[in-house]
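**Q** Protein chains in written order, with the numbering used here: chain A, 1 to 420; chain B, 421 to 840.
Note that the Cβ used here is the ideal one computed from N, Cα and C, for glycine as well.
1) Report back the beta-carbon spacing between residue 75 (chain A) and residue 252 (chain A) to the nearest angstrom; my notes put them in contact at under 8 Å.
2) With 16 as the cutoff for other CB atoms within 10 Å, does residue 274 (chain A) come out buried or exposed?
3) Given that a residue counts as buried once 16 or more other Cβ atoms are within 10 Å of its Cβ, and exposed if not, what is residue 626 (chain B)?
4) Going by C-alpha distance, which of A:301, A:410, A:192, A:26 is nearest residue 247 (chain A)?
5) So for residue 772 (chain B), helix, strand or coil by DSSP?
6) Between which two residues does the alpha helix (DSSP H) carrying residue 699 (chain B) extend?
7) Cβ of residue 74 (chain A) less than 8 Å from any chain B Cβ?
8) Can you have a look at residue 393 (chain A) and say buried or exposed, based on whether 16 or more other CB atoms are within 10 angstroms of its CB?
9) Classify residue 174 (chain A) as helix, strand or coil using the three-state DSSP reduction.
10) Residue 531 (chain B): which of A:168, A:104, A:140 sits nearest, CA to CA?
11) Taking its Cβ as the centre, do 16 or more other Cβ atoms sit within 10 Å of residue 654 (chain B), making it buried, or is it exposed?
12) With a cut-off of 8 Å, does the C-beta of residue 68 (chain A) fall near any C-beta of chain B?
13) What does residue 671 (chain B) touch in chain A if you count any residue whose Cβ is under 9 Å from its own?
14) Could you work out which residues of chain A lie near residue 604 (chain B), taking near to mean beta carbons separated by less than 8 Å?
15) At a Cβ cut of 7 Å, what residues of the stretch 496-530 of chain B count as close to chain A, listed as they run along the chain?
16) Would residue 87 (chain A) and residue 511 (chain B) be called neighbours here (beta carbons separated by less than 8 Å)?
17) Below 8 Å, how does it come out for the stretch 52-60 of chain A and the stretch 13-26 of chain A: are there three or more Cβ pairs, yes or no?
18) Using a Cβ cut-off of 7 Å, which residues of the stretch 803-833 of chain B contact any Cβ in chain A, in chain order?
19) Would you list, in sequence order, the uninterrupted beta strand (DSSP E) runs of no fewer than 3 residues that lie entirely inside the stretch 45-132 of chain A?
20) Roughly how many angstroms separate the alpha carbons of residue 717 (chain B) and residue 771 (chain B), rounded to a whole number?
21) Under 8 Å, Cβ to Cβ, is there at least one residue of chain B near residue 53 (chain A)?
22) Sorted by chain position, which residues of the same chain lie with C-beta nearer than 6 Å to residue 810 (chain B)'s C-beta, five sequence neighbours on each side aside?
23) Under a three-way DSSP split, which group does residue 165 (chain A) fall into?
24) Need the endpoints of the alpha helix (DSSP H) that residue 320 (chain A) sits in, please.
25) Going by the CB atoms, is the gap between residue 321 (chain A) and residue 172 (chain A) shorter than 8 Å?
26) So, is residue 449 (chain B) buried or exposed, given that buried needs 16 or more other C-beta atoms within 10 angstroms?
27) What does DSSP give as the partner residues of residue 651 (chain B) in its beta bridges?
28) For residue 5 (chain A), count the other beta carbons within 10 Å of its own beta carbon; 16 or more makes it buried, fewer makes it exposed. Which is it?
29) Closer than 8 Å, CB to CB, is residue 542 (chain B) near chain A or not?
30) Give the residues of chain B in contact with residue 419 (chain A), contact being defined as C-beta atoms less than 7 Å apart.
31) I'd like to know whether the C-beta atoms of residue 326 (chain A) and residue 361 (chain A) end up nearer to each other than 8 Å.
32) Taking a Cβ distance cut-off of 9 Å, strictly less, list which residues of the stretch 428-443 of chain B are near chain A, in chain order.
33) In the DSSP assignment, find the unbroken beta strand (DSSP E) run with residue 668 (chain B) in it and report its ends.
34) Roughly how many whole angstroms lie between the Cα atoms of residue 577 (chain B) and residue 707 (chain B)?
35) Give the secondary structure of residue 194 (chain A) by DSSP, where H, G and I count as helix, E and B as strand, and everything else as coil.
36) Roughly how far, in whole angstroms, is the beta-carbon of residue 410 (chain A) from the beta-carbon of residue 493 (chain B), given that I think they are within contact range, below 8 Å?
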């Protein structure tokens, strides 16, 4: 019934992202402080933190990862925000995209003018087995009970995609190689290495240890080699899966009518969309996420933009397979055409539709609660032409999107930003 | 900076609350379905569930309590809402008051017209020790590490209150006796018994077992007897503490401009407020919650009402001590006067300022994630004169409030509803 339009516009005027990685000796407050300080410094005309009316913070389950819940007031205390309000949102790996959206609503409602939104997650304190189990609780109760943790879920989706569209796992290599070409250009990336860098590192290691030196003719040959790229849940191999990460992200949102008092270059929220899905157990089409399509419909509807208008995007490549699904669900490419477009290089940094210029979850890292806002941060950086070495060469960047997925498609968000 | 006013009004047109208790053989979906069905039936002119634009669901940590996170899409699936959006909020025991507020913002922003908000928690699958530990993670990291779980926190607050205002633990009996007088009038209450009922049950049990029959002259004598009311964390005794509970709650919010198409008797959201606090480790005044005061300031400011205008309220009596703090922080009584007002009966159902007509968390039950919306549900029921046997006798009820607290005052919400 809703009009799906905001009665007051919202702009992004600042942002920050912590260096991603595994930092067992640091904690979530450190990561958030790192992103918060960058945010403060990013605002041309400055902001008085006292003017921040409210905070929204996305977190998946630090409850489980560090045995501490209720992160809202911890963050409020950290940044000197007490006694003003803070709200945590959770939508699994889409937790902070939800925080972003609530920040937009809080301003659009007329109640607040300046809202900080962000996300955080600390995964490194747990073992890989515990993390796999913890992440599994984001799937539907039917899935984990049946043994479906996420690599298995996306492996299942992949075999279906391959059968339906007549391709095979080699097509996924193109996604991984492309993401890792962008990563070294991003100083925040957890793995700032190309696949060729990984190859060379392995060759060097073999030489140092006096072992036979492998001869891979190219990156694809490297990824084909199970001794370096072992299967995780067939056909998902190691290099198809994003890493476990720690990190935090934040963005400062303000009402459109006051945006210019913070910066001459505000980036506007053109469209917001969110959807929910059945997860695997009742989905009608296993090579598409219903929640993404609904989120896209809301965001396109609000913005008036079409998929062709979205010049570049960050999408939720928790697995290489997921990127292909998303770029089809968002309408960038027709169903079954995403893998061809990727093979043709259309999604590369210098291509006509750059996808995951940050390096994506695969190489930038995926501290799950931080990811949604981290993606929007990347789009904001690109639109301001502040993305440094990974800046998209297109000089007329005006519109970009960020798509964030939680669980097995249980929650999805799509956000469209615009430079005017 | 924000104006703290909504640019579009919001009304409550329906609501539901599950029976509270410990239901080990049922699950959170059952509880939510129970509250949802009551909500559907409560709307005079009916609602088509297809018209619900979005859902907000508060949950503290089913992550820990039932090892399942990401409850948003589970609830979306349950009520046939897929692919429309659902968002979980968390603020410890204030989780669903935050869901309520986000629902208000989503409508006030102009984006949606009809939003379902609710909360749920399932605590009965864990042992009491595990629950104490799980709840402890809602406190600040400094507290749990120092051994402060919640009974200890509120015990500490109580000894400070007693010393400061020259009273003692006997004053808390008045809170407990009053709450338990309301509980038998609430068919949803977990313990629909007065303290006298507990006394008589114990006497009957002793008779049946051939044990000496205790002779308590009144309820206070019963509460004074440590064989029936043992200390938990001095001076908090068993009857000062709310129980462990399962349950769910929901309310249907719609834009003010369409409210009359759902019911002739909408109840309007007059004020919303939320605040954050330092918890114990850095609080300046241990007998007051800064977050409550800030939340109250926002809600009073938006509504134009003063504490005297609030004719009745639900407040977060996780412990009897907490109720006294809240009725002072909300401005109903001066600091140090809450215990006197309670002793004088001013907060009783037939008194001039009824508090916790539902029986409160103490006797109604406290499934933590469900509580915030459950409190607002009670205020909504009273304002519609649908509270049955516990209906406040005042025939001119027009304004009521609900205050929800999370952690050691880390998160607090205050909501004011109005009948026009």
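**A** In this structure, then:
1) The Cβ separation is near 14 Å, so there is no contact.
2) Residue 274 (chain A) is buried by the Cβ-count criterion.
3) Result: exposed.
4) Ranking A:301, A:410, A:192, A:26 by CA distance to the CA of residue 247 (chain A) puts A:26 first.
5) Note: residue 772 (chain B) maps to coil in three-state DSSP.
6) From DSSP, residue 699 (chain B) is part of no alpha helix (DSSP H); its letter is neither H nor E.
7) With 8 Å as the cut-off, residue 74 (chain A) counts as an interface residue toward chain B.
8) When all chains shown are included, residue 393 (chain A) counts as exposed.
9) For residue 174 (chain A), the three-state secondary structure derived from DSSP is helix.
10) Selected option, being the one with the closest Cα: A:104.
11) Under a 10 Å Cβ-count criterion, residue 654 (chain B) is classified as exposed, with fewer than 16 other Cβ atoms of the shown protein chains found around its own Cβ.
12) It does; some Cβ of chain B falls within 8 Å.
13) Within chain A, no C-beta atom comes nearer than 9 Å to that of residue 671 (chain B); the closest sits roughly 17 Å away.
14) Around residue 604 (chain B), no beta-carbon contact reaches into chain A at under 8 Å, the shortest distance being about 33 Å.
15) Answer set for the stretch 496-530 of chain B: 496, 497, 501, 502, 503, 504, 505, 506, 507, 508, 509, 510, 511, 512, 518, 522, 525, 526, 528, 529, 530.
16) Yes. Within cutoff.
17) Segments in contact, no.
18) Result list: 826, 827, 830, 831.
19) Residue ranges of uninterrupted beta strand (DSSP E) with 3 or more members, entirely inside the stretch 45-132 of chain A and ordered along the chain, are 54-58, 86-90, 114-122.
20) So the alpha carbons of these two residues sit roughly 25 Å apart.
21) Closer than 8 Å to some Cβ of chain B, the Cβ of residue 53 (chain A) qualifies, so yes.
22) Here the set comprises 602, 605, 606, 777.
23) Residue 165 (chain A): helix per DSSP, three-state reduction.
24) Counting along the chain, residue 320 (chain A) sits inside the alpha helix (DSSP H) bounded by residues 320-329.
25) Yes. Within cutoff.
26) Buried is the call here.
27) BP columns for residue 651 (chain B) point to B:657.
28) Exposed, because fewer than 16 other Cβ atoms sit within 10 Å of the Cβ of residue 5 (chain A).
29) No, no contact with chain A.
30) Neighbours of residue 419 (chain A) on chain B: none; closest Cβ ~23 Å, over 7 Å.
31) No; because the gap between Cβ atoms is not below 8 Å, this pair is not in contact.
32) Taking 9 Å as the upper bound on Cβ-Cβ separation, chain A lies near residues 428 of the stretch 428-443 of chain B.
33) In the DSSP assignment, residue 668 (chain B) falls within the unbroken beta strand (DSSP E) covering 666-675.
34) Straight-line Cα distance between these residues: approximately 6 Å.
35) Looking at residue 194 (chain A) - three-state DSSP - the assignment turns out to be coil, as it is neither helix nor strand.
36) Indeed, because the Cβ distance is near 3 Å, the residues count as touching under 8 Å.
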